[in-house]
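For reference, the structure discussed in these notes is given below.
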Amino acid sequence: MATFIIRKLLYSILILIGVITVTFCLMYVIPGDPARLMLGQRADIASIDAVRKQLGLDDPLYIQYGRFMLKAVQGDLGRSYSSNRDVLTTIIDTFPASALLAVSALIVSSILGILIGVISSVKPYTFADNLSMLMALFGISFPTFAFGLIMALVFGAWLKWFPISGYINNGMIYLVLPMLTLALRPLSIIARLTRSSMLDVLGHDYVRTARAKGVNEWKVIIRHALRNALNPVITTISAWLAALLGGTFFIEYIFNWPGIGLLAINSILSLDFPMIQGTVLFTAVIFILVNMIVDIIYAFLDPKVKLS
Amino acid sequence: MKLKFIFRSFLLTCITFILALNCGKKSGGENFTELKGGIKGGGIFIANENENIRSLDPVGINDVVSHHVAHQIYDLLVDLDTNLQLKPMLAKSWEISPDGLIYTFHLRNDVYFQDNKCFPDGKGRKFLASDVEYSFKRVLDPRTGSLGFDFYRNYVKGAKEFNDEITKATNEKREPKFTSIEGYKALDDTTFQITLLKPFAPFINYMCLGFAYIVPKEAVEKYGKDFFQNPVGTGPFVFENWTPDLEINLKKNPNYWYKDEFGNNVPYLDGVKFRFIKDLSQQLLEFKNGTIYESYRIPNELFKTIVNDDRTLTPEYSNFVIQRKTSLSTQYYGFLVTSKVFSDVRIRQAFNYAIDRDKILKFVLQGSATEPAIYGMVPPVMPNYDSKKVKGYSFDLAKARQLMTETGYPDGKGFPEVTLNINEGGGRNTQIAEAIQDMLKEIGVTVKLQLLQFAQHLDNIDAGRSDFYRLGWNADYPDPETFLNLFYGKNVPANPKDVSPINSFRYKNPKYDELFEKAIATTDVSERNRLYEEAEQIAVNDAVCLFIYYDEDWRLVQNFVRGFALDPMHRVNMRFTWLDK
């Protein structure tokens, strides 16, 4: 077990170094001068040079890279060019918003997805099943950002049931639209996966035996079938956690949700290099950590998977 | 049966959930009091900004949005009213010596900083002339991360030496040899004096910039690098909290020094909330829902559904109030006058004559801009300046064709294809470019459009890689110099390979430079403006750019908002704002 975790950690460090290097290089290939953007259109050459010096942008690339790596190891990701905030503190302050959105969306999508999947599998090829699977297909294929805009328009602007943008400091109701939008795709996938997995399990001998013994039908479904059908579903849910934690950019932008995604988009638009590096690095760490935890959990859940 | 039961239970859970969430929503329980003059006191004004703010430390305030928030927290020595005329603020009065070199400000002695734990007993102390000296020095100190020293360095006596010495000392990791600026002097507690190196008439406007807000030394020293998010000033509202990307909350400063004409204490509001919804359509939806009280700028594609041809609101929006003001900004396409294609003034003039600006205003902008740019660079709304005396270009296709023929390109034959660089953002940029592309076809010119991200766009322009490009210019302050400086030849570097960020046209005309220099050194307003006009006419005759239109600002506000005027520079002042709820 310890060997497994150490090996995973070593791989993770390599991946992180790779991510930092690629992001660093990419940013210096992108045209545009952050000092010029900060100073505005009026800036004279002397001021641009002075600000470039302040930001350390006048040093050769390898020195900037070395300085960044050295500081990053010490937990110092620098200060934002555009807001002057400490990058790590900003990310840590912002992360709870993204985590709340991702976790709540995952909970909703898991509960509803499993429920719909079970109902579809119990009544296969009926109207309810066909309708659920059609909706799941829609959920998988419909672009999330477009769905978000429609949700904002229908439930925010027309029906006025929910606020369109903002955060939960003004009430939990602000969570509803972004959460449901984000939940759409994982919900659809979980529903389809649960259905197919359940249909497979329901055909097994031990289910037939349970029924023959006269066990209550719902007990058969929940205790005998669902429990065994859930393995692939749980793996999918865990994998989605990492994806949702790092991939809520559009949703956060549409609903003005102050999370990592919105922070990253704004940083990119203002060429705020330290903040872009910080958000990319942080997202990579989350991805790696969640995937590692999923690997470990999966190994525990399924004895066929060996940690070694 | 069981399926129906599950479905019903699910529906019931959803309804309960929605109700529960709505119960958790904070109610807008606001208390209002009747004040003298029929004004109501109380309530929170919910503003919205379309961009993030950069800093609340004056040394970093060079963007409009930071200025909007900071203007409620801090005070300036001198402010601008909604007609962009100078008015006293912390300085009761001021005088400028006849030679234009010495500015003396007489300060109020009844002003206190906001209560804050940076002060020994948490109680705000009295504002003094030494605070002005301290605040202004910070702007020239590179250690503060200042973005504003270019405004003052070349004009204030001793500013350049101070700036250079601090930079040198920081690089050499030693203490600076001197820490004072000769041109900034607190003569006593209520008199502050600025001495300039040379006469520079627009300088008084520099007192209204975001860099000129007054801060207390105690707060800067207590909060250090985090002062930008713990601002303390003498302004009408006290900073409460800031959630980046989301909102900033300010509450009333009960000890604010200003009293209105009726004897009421200012401000009237209990607080201000700034929200940060960047998308204009989303902003409009929130505004319609009543969750924000203002919606600045109308998306071009929705303009006709909101505003009638007679500039009133359509029935769907008739419950709201529309404000519109010609803004102090000009939209133009720049020519790189040193480029092979645009080095001949007749080509640049032909382009200017070939554009039907009225059509662009009517069909592309659908009436959302004030007027076509038929004068020059300085918009007609510039206070104390008669832009209309400058003769610009009107649509004259025959003349445009004739000029093309004179330059050896009859009907555009043999004229090379031109690339017009425009930046992303704002659909109207592309729409206008397409219209101009079509109009230039009429004189046989083929234009290729190239859409670039703004940073790259600026980079190319500065480096002289764009021969023909879109830009707009918004005034930093209400003096023609802010526009005409763009044509000043001394802003062009000697080496053509160096970047030229201000005069990106790389235009040089000794006669223009002479008049411009004379104008900025002239303290008499009418003589100065005459010189500006003369200089501007030269640049317009030289067709340095293709002038397109003078912009107009549109803002929707809720019908219960009072005392919230729109000015041509889109400055925000909530000292006199109140809610008639």
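Sequence order for the protein chains is A and B.
19 is the number that my numbering gives to position 19 of the first sequence; each next residue is one higher, with no gaps.
1543 is the number that my numbering gives to position 543 of the second sequence; each next residue is one higher, with no gaps.
Where is the CB? At the ideal position from N, CA and C, for every residue including glycine.
All figures in this text were calculated on a predicted structure; none of them were measured in a lab.
From this set, B:G1235, B:T1234, B:L1250, B:W1578, which residue's C-alpha is nearest N1241 (chain B)'s C-alpha?
-> B:L1250
The alpha helix (DSSP H) enclosing N266 (chain A), as first and last residue numbers = 260–269
Closest by CA to K1252 (chain B), which one among B:K1259, B:P1267, B:Q1349?
-> B:P1267
What's the C-alpha gap between L10 (chain A) and M69 (chain A)?
-> 17 Å
Distance, Cα to Cα, I150 (chain A) vs I1277 (chain B)?
-> 18 Å
Can you tell me the Cα-Cα spacing of F1303 (chain B) and F1576 (chain B), whole angstroms?
-> 29 Å
So, is the C-beta of G32 (chain A) closer than 8 Å to a C-beta in chain B?
-> yes
Reference A243 (chain A), options A:L289, A:F4, A:V22, closest by Cα | A:L289
Exposed unless 16 or more other CB atoms sit within 10 angstroms - verdict on F1271 (chain B) = Checking the sequence shown, residue 1271 (chain B) turns out to be Gly, not Phe. Burial call: buried.
Mind checking P1236 (chain B): buried by the 16 CB within 10 Å criterion, or exposed?
-> buried
So which residues of chain B does A225 (chain A) contact, with C-beta pairs closer than 7 Å?
-> Simply none; closest approach about 16 Å.
Short-range partners of chain B found in the region 89–115 of chain A, where Cβ spacing is below 9 Å = T90, D93, T94, A97, L112, L115
Under 7 Å (Cβ pairs) to chain A, residues found in the region 1030–1062 of chain B = N1052, R1054, S1055, G1060, N1062
How about I17 (chain A) and G113 (chain A): do their beta carbons lie closer than 8 Å?
-> no
Just reading off the beta strand (DSSP E) that V973 (chain B) is part of, what are its end residues?
-> In the structure as shown, chain B starts at 1001 and stops at 1581, and residue 973 (chain B) therefore has no counterpart that could be examined.
Per DSSP, Y1332 (chain B) forms a beta bridge with which residues?
-> B:L1471, B:F1547
Of the residues that make up the region 18–52 of chain A, which ones have a beta carbon closer than 9 Å to any beta carbon in chain B?
-> I30, P31, G32, D33, P34, R36, L37, M38, L39, G40, Q41, R42, A43, D44, I45, A46, S47, I48, A50, V51
When DSSP labels each residue in this structure, what does A1129 (chain B) get in the three-state scheme?
-> helix
Tell me whether I1053 (chain B) sits in a helix, a strand or coil according to DSSP, three-state version.
-> coil
Report the rounded CA-to-CA distance for F1274 (chain B) versus H1106 (chain B), giving the unit in angstroms.
-> 33 Å
Where does R227 (chain A) land, buried or exposed, given buried means 16+ other C-beta within 10 angstroms?
-> exposed
T1370 (chain B) and P1568 (chain B): beta carbons closer than 8 Å?
-> no
Are three or more beta carbon pairs between the region 151–167 of chain A and the region 213–220 of chain A nearer than 8 Å?
-> no
So which residues of chain A does Q1456 (chain B) contact, with C-beta pairs closer than 9 Å?
-> I30, P31, G32
Taking a Cβ distance cut-off of 9 Å, strictly less, list which residues of the region 256–276 of chain A are near chain B, in chain order.
-> N256, W257, P258, G259, L262, L263, N266, L269, S270, L271
Going along chain A in order, which residues have a C-beta closer than 8 Å to the C-beta of P1493 (chain B)?
-> I45
For chain A, is any of its Cβ atoms less than 8 Å away from the one on F1320 (chain B)?
-> no
Where does I297 (chain A) land, buried or exposed, given buried means 16+ other C-beta within 10 angstroms?
-> exposed
Hey, I1347 (chain B) and T1407 (chain B): beta-carbon distance below 8 Å or not?
-> yes
Can you pull the chain B residues whose beta carbon is under 7 Å from the beta carbon of Q54 (chain A), in chain order?
-> P1142, G1145
Would you list, in chain order, the members of the region 1094–1110 of chain B that have their beta-carbon closer than 9 Å to a beta-carbon of chain A?
-> none
Could you tell me which of B:A1070, B:E1424, B:I1436, B:G1042 sits nearest to V1364 (chain B), measuring between CA atoms?
-> B:I1436
Cα-Cα, which of B:Y1512, B:T1482, B:K1497 is closest to K1490 (chain B)?
-> B:Y1512
Any idea if E1301 (chain B) is buried or exposed, counting beta-carbon neighbours within 10 angstroms, 16 or more meaning buried?
-> exposed
Distance between beta carbons of V1069 (chain B) and S1135 (chain B), contact taken as under 8 Å = 17 Å between Cβ atoms; not a contact.
Could you name the residues of chain B that G278 (chain A) contacts, counting a contact when the two beta carbons are closer than 9 Å?
-> Residues of chain B passing the Cβ test: none, with the nearest at roughly 13 Å.
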